[in-house]
Structure formats: C-alpha cells, structure tokens
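Mapping of the sequence shown onto this note's numbering: residues 8 to 292, in sequence order. Backbone N, C-alpha and C fix where the C-beta goes; we use that ideal spot for every residue, glycine too. Worksheet: the structure to be examined is printed underneath.
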Amino acid sequence: MLVFGLVLAACSNDSASEGDGDSIGKAVDYKIVGIEPGAGIMQATEKALEEYDNLADWNLVESSSSAMATELQKAIEKQEPIIVTGWTPHWMFAKFDLKYLEDPKGIYGESESLGTFVRKGLKDDQPSAYKVLDQFYWEPEDMEEVMVNIHDGTEPEEAAASWVEANSDKVAEWTKGAEKVNGEKISLAYVAWDSEIASTNVVGKVLEDLGYKVELIQLDAGPMFAAVAEGDADAMVSAWLPVTHASYIKQYGDQLENLGENLEGAKTGLVVPSYVDIDSIEELK
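Now the structure itself:
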C-alpha cells in the first residue's frame, strides 16, 4: 500500500510508550518534522492541526524529504520520540515496524492512487512515449524494491536500470506497440520524494531504452503541475489523487491530459511504531 502520513518514532519514556499522548507531545516539544512547503501532505497536516482540537498547540516544521527521513532514522536509533510526515512505499517502512493512527475526522482521506499526466499534444508529437506513459502501471512492492536499493546506496538511475532488467515481462507490457525512436527528446517532471524518484527514474530508463533522450526535471509539487500544463515538461507520473494534489488539479487540470492511475493504494495518515500504544490521532495531546 502506498501511503502518506505522519510518523511517530520510538519513545524511550515509558509513559509515552504506554500511550500517554501528552508525554509524547512534551517530549517532542509539540513539533512535527515536515517535508517541503507546499506539498500536499503538508497542506493536509496543517488542516489536521486546525481540525483536531487536541493538536491546536502543535507546530509543523518545514524541512525536506531527505532531511525528514534522516531525522526519523536518528531518533529511532537513539530510541527518542519524533513525529514526521511520511509515506509508503518508503524505505523507512521496510526498515522500521510502523503503524498508522486512526484519523476519525478523515482529514487525510481514504485510499489514493498515483496518476500519470501529460501535456496536451504529446500523443501527436511523441506517440511512442505517450503509449509507454499510458500503459505504465506497477505495484507498491515494485516501487519499494527500487526505493530500498536507492536508500542502501545505489544511484537512482542504477537502481531503476536493475529493476527494469529484472522485470522485462512487466516492462514489455508498458512498451507494447511503442516503436523505437532515434534520440528524440522527452522530459519528465517529478517531486523529490523517494517514491517519485523511483518511479520517474524507472519510466525514464524504459523511454531511454526506446531511443529517447530523457531529461528528468526535479520541482516542487505546484511547479511540477505548472510545468506540464504549460508545456515546459512533457509528462509526470507523480500525481497523488484525489486528496494530496487536489488543489493543483483544480488549478491546472483543464490544461493537462489525464492518462489514469499508474499505482493504486495510496493513503494519508499519522503513523507510529507498532509498539507505541497509541491508536488514534485523538490520543495525542
């Protein structure tokens, strides 16, 4: 399952590990370590801080995806408490035993999916690339495999190449009917989340093997949608819907062509290690 959320790391304080939400709050100074400002998960978390009365005194700290993951790992290694914004598939869920907190108010929504969007006119300009993007679909386990390899030190392009080589049957489904080209340019926009680094590099590798000269453009979420809508990038496979990127779809949706889902099972929420005896956001104080 692909999930966004907040992650609560281990707590060395016995009362906190036994489910004392107030003790956990005090231990982390009522701060949540976030990622890039403007990201959908940041917007949802800000809303959660407003909607949940027990979170009124909590603060969301802007950071980056990599910085958040680093802080989480450091805290868990020291058995210190920390709350961060997080998502799956992600290497931290493969490394640590985590669970999602219940969200009674439904702030983070139900199940989401990742979608592929392209600029209008791509089908006529680059029919082979369009066909691959239209047929691209994989499972969370596929993405996790690439993500874990990247986290363990493999360069993203190398991890993508290894996955593509090992999954030729699945890649053949994506490339069915797509003719090879000779050095034509294609650009893919993405956000610097571990999940999107994995998916964009994999798609980029597949297009490269078809003969395309591929450019990967790293942007924040808003500029990513704007780039594809305005033709500054050709496509993206990084749209989280219906909740996380809802505001960008509302703003740019009419200027984009939606090719549908490329991965199902996304969801937003708050997450804690399984041994922390807190099961709901409402238990935090």
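In terms of DSSP beta bridges, what is A242 paired with? Numbered from its first residue, the sequence shown carries residue 242 at position 235. Paired residue(s): V125 and L195.
Per DSSP, what kind of secondary structure is T52 in: helix, strand or coil? Against the sequence shown, residue 52 aligns to sequence position 45. It is helical.
Would you mind working out which of K106, A76, Q133 and Q80 sits nearest V188, comparing C-alpha positions? Residue numbering aside, residue 188 sits at position 181 when the sequence shown is read from its first letter. The shortest Cα separation from V188 among K106, A76, Q133 and Q80 belongs to Q133.
Under 8 Å between C-beta atoms of V278 and K106: Within the sequence shown, numbered from 1, the residue matching residue 278 stands at position 271. Within the sequence shown, numbered from 1, the residue matching residue 106 stands at position 99. Their beta carbons are under 8 Å apart, which means V278 touches K106 by this criterion.
How should D60 be labelled, buried or exposed, when 16 other C-beta atoms within 10 angstroms of its C-beta is the threshold for buried? For the purposes of this step, residue 60 is identified with residue 53 of the sequence shown, where counting begins at 1. Looking at its Cβ environment, which holds fewer than 16 other Cβ atoms inside 10 Å, D60 is exposed.
Over the uninterrupted beta strand (DSSP E) stretch that includes T275, give me the two end residues. Stepping through the sequence shown from its first residue, residue 275 is reached at position 268. Unbroken beta strand (DSSP E) run through T275: L263 to P280.
At a cut-off of 7 Å, would you count F124 as near the ligand ADP, judging by its Cβ distance to the nearest heavy atom? Annotation note on the ligand ADP: not contained in the displayed structure, which lists no ligands.
For a quick check, are the C-beta atoms of S287 and P111 less than 8 Å apart? Position 280 of the sequence shown, counting from 1, holds the residue named residue 287. Position 104 of the sequence shown, counting from 1, holds the residue named residue 111. Yes. Within cutoff.
Member of I193, A136, L223 and G211 whose CA lies at the smallest distance from the CA of G184: Counted from its first residue, the sequence shown places residue 184 at position 177. Taking only the C-alpha atoms, the option nearest G184 is A136.
Mind pulling the alpha helix (DSSP H) runs of 4 or more residues that sit fully within the stretch 136–197? 147–158, 163–173 and 175–182
Does the beta-carbon of T251 have 16 or more other beta-carbons within 10 angstroms, so that it is buried, or is it exposed? Reading the sequence shown from its first residue, position 244 is the one you call residue 251. Label assigned to T251: buried.
Are the beta-carbon atoms of G41 and M75 separated by less than 8 Å? If you number the sequence shown from 1, residue 41 lands on position 34. If you number the sequence shown from 1, residue 75 lands on position 68. Closer than 8 Å, so yes.
Please classify W247: does DSSP put it in a helix, a strand, or coil? Sequence index remark: in the sequence shown, residue 247 carries index 240 (1-based). Here W247 sits in strand by DSSP.
Check whether G229 and L108 have beta carbons under 8 Å apart: Position 222 of the sequence shown, counted from the first residue, corresponds to residue 229. Position 101 of the sequence shown, counted from the first residue, corresponds to residue 108. Not a contact, by the Cβ cut-off of 8 Å.
Once the 5 residues before and after A168 are set aside, which same chain residues still bring their CB inside 8 Å of it? Within the sequence shown, numbered from 1, the residue matching residue 168 stands at position 161. Here the set comprises K212.
In the structure shown, what three-state DSSP assignment does L217 receive? Numbered from its first residue, the sequence shown carries residue 217 at position 210. Three-state result, L217: coil.
Classification of E57 by the beta-carbon crowding that lies within 10 angstroms, buried from 16 upward: Here residue 57 corresponds to residue number 50 of the sequence shown, with the count starting at 1. By the neighbour-count rule (16 or more Cβ atoms within 10 Å), E57 is not buried but exposed.
Nearest to E152 by CA position, among K138, L140, F143 and N174, is which residue? Taking the sequence shown and counting its residues from 1, the one referred to as residue 152 is at position 145. E152 has its Cα closest to that of N174, out of K138, L140, F143 and N174.
Assign N156 to one of two classes, buried (16 or more other C-beta atoms within 10 Å of its C-beta) or exposed (fewer than that). Numbered from 1 along the sequence shown, position 149 holds the residue referred to as residue 156. So N156 counts as buried.
Assuming contact is defined by CB atoms lying nearer than 8 Å, are F103 and P280 in contact in what I supplied? Within the sequence shown, residue 103 is the residue found at index 96, counting from 1. Within the sequence shown, residue 280 is the residue found at index 273, counting from 1. In contact: F103 and P280 (Cβ atoms closer than 8 Å).
Cutoff 6 Å; reference P44; Cβ partners in own chain excluding five residues on either side: By one-based count along the sequence shown, residue 44 stands at place 37. For P44, where only same-chain residues beyond five positions count, the Cβ hits under 6 Å are E69.
Selected residue, minimal CA-CA separation from E53, among G93, E84 and I114: Sequence index remark: in the sequence shown, residue 53 carries index 46 (1-based). It is I114 whose Cα lies nearest to the Cα of E53.
Residue span of the alpha helix (DSSP H) that contains L62, given as start and end: Here residue 62 refers to the residue found at position 55 when the sequence shown is read from its first residue. Per DSSP, L62 belongs to no alpha helix (DSSP H) and is neither H nor E.
Once DSSP output is grouped into helix, strand and coil, what is the label at V283? Numbered from its first residue, the sequence shown carries residue 283 at position 276. It is coil, neither helix nor strand.
Taking contact to mean 3 or more Cβ pairs, one atom from each stretch, closer than 8 Å, check whether the stretch 197–209 and the stretch 219–229 are in contact. yes
Beta-carbon within less than 7 Å of Y255's beta-carbon, same chain only, minus the 5 sequence neighbours each way: which residues are those? Numbered from 1 along the sequence shown, position 248 holds the residue referred to as residue 255. Hits under 7 Å: A228, G229 and F232.
What separation, rounded to the nearest whole angstrom, lies between the Cα atoms of I285 and D36? Looking up residue 285 in the sequence shown gives position 278. Looking up residue 36 in the sequence shown gives position 29. Rounded to whole angstroms, I285 and D36 show a C-alpha spacing of 18 Å.
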